[in-house]
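Novice:
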Amino acid sequence: MAEEALDTIPAELLAPVGNLVIHVEDFPDEDTEREMELESPFDLLGLYRGVDLTRQSVADLRGGPDMIFLYRRPILDYWCETGEELPAIVRHVLIHEIGHHFGFSDEDMERIETME
Numbered sequence: 001m002a003e004e005a006l007d008t009i010p011a012e013l014l015a016p017v018g019n020l021v022i023h024v025e026d027f028p029d030e031d032t033e034r035e036m037e038l039e040s041p042f043d044l045l046g047l048y049r050g051v052d053l054t055r056q057s058v059a060d061l062r063g064g065p066d067m068i069f070l071y072r073r074p075i076l077d078y079w080c081e082t083g084e085e086l087p088a089i090v091r092h093v094l095i096h097e098i099g100h101h102f103g104f105s106d107e108d109m110e111r112i113e114t115m116e
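The numbering of the sequence shown is the UniProt record's numbering, which starts it at 1 and goes up by one.
Encoded structure:
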């Protein structure tokens with residue numbers, strides 16, 4: 001489903017993404033839960049890990065590809081609670097995390113989403 005959702009994202013948004021890796025896991029790991037100060041592992045649907053484009057430099061040594069994590073159980077829980085279509089939720093989370101790759105803050109993403 002993540003691959004299908006990725007196929008629906010406009011090419012101009014994906015072109016600069018490059019070697020971004022998408023991982024689907026049941027829940028965030030314990031380190032992520034602590035780092036993000038989550039009250040519950042269900043509080044996080046997705047996460048961008050990497051150096052956003054606004055902070056990248058040709059002089060930087062990269063330790064690997066940037067990654068987007070999609071957390072399956074929290075996404076499914078959100079789907080059950082809201083009744084929204086599951087593919088639309090997955091697409092929304094992907095777009096949100098890709099936005100972080102571009103250096104957008106959560107507030108920036110909220111403003112962009114209200115413009116739809």
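All residues carry an ideal CB built from backbone N, CA and C; glycine is no exception.
1) Does the distance from the CB of residue 94 to the CB of residue 74 come in under 8 Å?
2) On a CA-only basis, which of 29, 70, 64 is nearest residue 22? Give me that one, please.
3) Am I right that residue 72 and residue 26 are in contact with their C-beta atoms under 8 Å? What's the rounded C-beta distance?
4) Is DSSP giving residue 50 helix, strand or coil here?
5) What is the DSSP secondary structure of residue 116, reduced to helix, strand or coil?
6) Using the C-alpha atoms, what's the distance from residue 1 back to residue 90?
7) In whole angstroms, what is the alpha-carbon distance linking residue 116 and residue 5?
8) Of the choices 19, 10, 8, 9, whose alpha-carbon is the least far from that of residue 67?
Specialist: So, to answer that:
1) For residue 94 and residue 74, no; Cβs fall outside 8 Å.
2) For residue 22, the closest of 29, 70, 64 by C-alpha to C-alpha distance is 70.
3) With a Cβ gap of about 5 Å, residue 72 and residue 26 count as contacting.
4) In this structure, DSSP gives residue 50 a state outside helix and strand, which the three-state scheme calls coil.
5) Any answer about residue 116 is weak, because its pLDDT of 48 lies below 50 and its placement is not dependable; what the coordinates show is given next. Coil at residue 116, not helix or strand.
6) Taken atom to atom, the span from the alpha-carbon of residue 90 to that of residue 1 is near 8 Å.
7) A caution first: residue 116 carries a pLDDT of 48, below 50, which makes its placement in the model unreliable, though a value can still be read off. Their Cα atoms are separated by approximately 17 Å.
8) Ranking the options by Cα distance to residue 67, first place goes to 19.
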